[in-house]
Each structure stands twice: as structure tokens, then as C-alpha cells.
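**Student:**
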Amino acid sequence: MKTSLGLLEVAGLALAVKAADTMAKAASVAITGIEKTNGSGWMLITITGDVAAVNSAIANGATLARLENGWVAERVIARPADGLDGWPGVDKPVLPAAPDRTALSAASAPEATTSLKPTQASVSAVEPVGEAKSALAKESVDQPGDMPPTGISGEPATLPDLPGPVPGECNLCHDPACPRRKGEPRATCIHDGERG
């Protein structure tokens, strides 16, 4: 006997899980997937099973989704064509086994520790000499909070004064001469008839 395919689209993950649980308990169906669709947080639940069982399960899931105000769409395909076998949800994909992480980390651990150890030659080659050494020592004494922030040219950085909204100004026309203030009726704005 050929299995049928049932699709139920709902709004939200919580409702999708609740509807999938209801459908699985209502009839003998296999939930083959819950996937996120594009836009609005909709979720697609796919089930497979006998035609009558899928019809019953989709009806129960759709009723629950309508009660929760999250129903989007439902569809039952009684005997899907052979070409739909490759579509997601029709056949449950087999996931490859995860690699053994303990064997992988134990094998790469000695290599990582040996590559991180600096040699004496590399440490001495980086060491500053003369005036650069004294300037470096002077900078290391100062705390980061002691120095003012500087701009690109080394001058103290200043923030530009940005014009902010004037408190109590009309938020429709932004005219200081307007007697209307934010929260008052639009009809009191002197520019009320000018807007189109």
C-alpha cells in the first residue's frame, strides 16, 4: 500500500510542536519533519502514513492551529508520484555518523602544544632596543583610563553637537512657531491643510 503525504503550515515553532504532537497522537502517522519556511515565522510540518490516518491527523492538527489562531495552510496528497521521493519530508534523510571527537582531539593535542611554544631566538628578535625600549616602558606604566581618547591625528577626540528634537515641538511640521505640541490633535497644527 502506498503512503500518503500530509503538509500543515502553522505560525510559530511552539504551535508547530504542539500540532505535531496532536497529529502523532490522533492517528498512526510518522512525522517526517518540521521545517522553517521563509517569512513570518511559519513552520511546515510534514507527515506520512496511510491515507485515512494522514487525513485524520491533518484535520486534528489544523483544528488545533485554528483554535490557536496560527493556521496558515494544509494539504494532503493521497498517493504522491514517484518523482516526489527526493523532496524533503517525503523520505526521512539518513544523517552521517558524527566523528569521534575524543580520538580527534587526543591526536591533534601534542601538535598544538608544540606549535605554541616560542623559541628563545624569536623572543630576542622582537625585543625593543634603545629609545623604543624606554618609550615602551613608559607606555606600559600608564593605565588605559589615564589617557584621553584620541582621534586619527592624535588630538583629543570630540563628538560633534548633533541637533536633537526640541522638547514640546510639533512632531508633524517641526516648526517652532506652531502652537501644537506633541500629543495634541493634528487640527491644531498651523500646517494641517498643507499635507497631502
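Residue numbers (mature numbering (1 follows the signal peptide of the UniProt record, and there is no 0)): -19 to -1, 1 to 177. We put the CB at the ideal spot given by N, CA and C, even for glycine. Remember, it's a predicted structure, so these values are computed and weren't measured experimentally.
Does DSSP classify V75 as helix, strand or coil?
**Tutor:** Within the sequence shown, numbered from 1, the residue matching residue 75 stands at position 94. Low confidence applies here, because V75 scores a pLDDT of 42, under 50, leaving its location unreliable and the question unanswered by this model.
**Student:** I think A38 touches G(-14), with their Cβ atoms under 8 angstroms apart; what is that distance to the nearest whole Å?
**Tutor:** Start at 1 with the first residue of the sequence shown, and residue 38 comes out as number 57. Start at 1 with the first residue of the sequence shown, and residue -14 comes out as number 6. Yes, A38 and G(-14) are in contact; Cβ-Cβ is about 6 angstroms, under 8 angstroms.
**Student:** Leaving out the 5 sequence neighbours to the left and right, which residues in its chain are closer than 6 angstroms to W23 when beta-carbon positions are compared?
**Tutor:** In the sequence shown, residue 23 corresponds to position 42, counting from 1. Around W23: E(-11), A(-9) and V53.
**Student:** Can you give me the Cβ contacts of R167 inside the same chain, cut-off strictly under 7 angstroms, excluding the 5 residues immediately before and after it?
**Tutor:** To locate residue 167, count along the sequence shown from 1; it is residue 186. Contacts found: L153 and D173.
**Student:** Would G30 and S(-16) qualify as a contact pair, given that the criterion is a beta-carbon distance under 9 angstroms?
**Tutor:** By one-based count along the sequence shown, residue 30 stands at place 49. By one-based count along the sequence shown, residue -16 stands at place 4. Their beta carbons are under 9 angstroms apart, which means G30 touches S(-16) by this criterion.
**Student:** Considering only residues of the same chain and omitting the five flanking positions on each side of G51, which have a CB-CB separation below 7 angstroms?
**Tutor:** Position 70 of the sequence shown holds residue 51. Cβ neighbours of G51 beyond the five flanking positions: V(-10), A(-9), G(-8) and L(-5).
**Student:** Rounded to whole angstroms, what is the Cα-Cα separation between L76 and L48?
**Tutor:** Looking up residue 76 in the sequence shown gives position 95. Looking up residue 48 in the sequence shown gives position 67. Reliability of the predicted coordinates at L76 is poor, the pLDDT of 42 falling under 50, and the value obtained from them is presented with this limitation in mind. Whole-angstrom Cα-Cα distance: 35 angstroms.
**Student:** Which stretch, first to last residue, makes up the alpha helix (DSSP H) that contains L153?
**Tutor:** Within the sequence shown, numbered from 1, the residue matching residue 153 stands at position 172. Looking at the DSSP string, L153 is not in any alpha helix (DSSP H), and its letter there is neither H nor E.
**Student:** Determine the direct distance from the alpha carbon of I26 to that of T18, and round the result to whole angstroms.
**Tutor:** As a first step, residue 18 is located in the sequence shown; it is residue number 37 there, counting from the start. As a first step, residue 26 is located in the sequence shown; it is residue number 45 there, counting from the start. In a straight line, the C-alpha of T18 is about 10 angstroms away from that of I26.
**Student:** Taking all protein chains shown into account, decide if K73 is buried (16 or more other Cβ within 10 angstroms of its Cβ) or exposed.
**Tutor:** Translated into positions along the sequence shown, residue 73 becomes position 92. Residue confidence for K73 is low, a pLDDT of 46 falling below 50, so the modelled location carries little weight and cannot support an answer.
**Student:** Among D156, K(-2), A11 and D63, which one has its Cα closest to the Cα of L45?
**Tutor:** The sequence position of residue 45 within the sequence shown is 64, counting from 1. Of the candidates D156, K(-2), A11 and D63, the one whose C-alpha sits nearest the C-alpha of L45 is K(-2).
**Student:** If you count every other CB in all the chains shown that lies within 10 Å of the CB of S105, and 16 or more means buried, which is it?
**Tutor:** Taking the first residue of the sequence shown as position 1, residue 105 is located at position 124. Low local confidence applies: a pLDDT of 49 at S105 is under 50, so the model's placement there is unreliable, and no value is given.
**Student:** First and last residue of the beta strand (DSSP E) that includes K17?
**Tutor:** Here residue 17 refers to the residue found at position 36 when the sequence shown is read from its first residue. Start and end: V10 to K17.
**Student:** By the 10 Å Cβ neighbour count, where 16 or more other Cβ atoms means buried, how is R161 classified, buried or exposed?
**Tutor:** Position 180 of the sequence shown holds residue 161. By the neighbour-count rule (16 or more Cβ atoms within 10 Å), R161 is buried.
**Student:** With S(-16) as the anchor, note down where its beta strand (DSSP E) starts and where it stops.
**Tutor:** As a position in the sequence shown, residue -16 is number 4, starting the count at 1. First-last of the beta strand (DSSP E) with S(-16): S(-16) to A(-9).
**Student:** From the DSSP output, in three-state form, read off A59 for me.
**Tutor:** Within the sequence shown, residue 59 is the residue found at index 78, counting from 1. Coil, per DSSP.
**Student:** With a threshold of 9 angstroms between beta-carbons, can V(-10) be considered close to chain C, or not?
**Tutor:** Annotation note: the requested chain C is absent from the structure, which comprises a single protein chain.
**Student:** What's the gap between the Cα of K(-18) and the Cα of T3?
**Tutor:** Along the sequence shown, one-based indexing puts residue -18 at 2. Along the sequence shown, one-based indexing puts residue 3 at 22. Distance between the alpha carbons of K(-18) and T3 is about 23 angstroms.
**Student:** Mind checking A8: buried by the 16 CB within 10 Å criterion, or exposed?
**Tutor:** Indexing the sequence shown from 1 puts residue 8 at position 27. The residue in question, A8, is buried, as its Cβ has 16 or more Cβ neighbours within 10 Å.
**Student:** Pull up the distance between the alpha-carbon of V10 and that of S21, whole angstroms please.
**Tutor:** Along the sequence shown, one-based indexing puts residue 10 at 29. Along the sequence shown, one-based indexing puts residue 21 at 40. One C-alpha to the other measures close to 27 angstroms.
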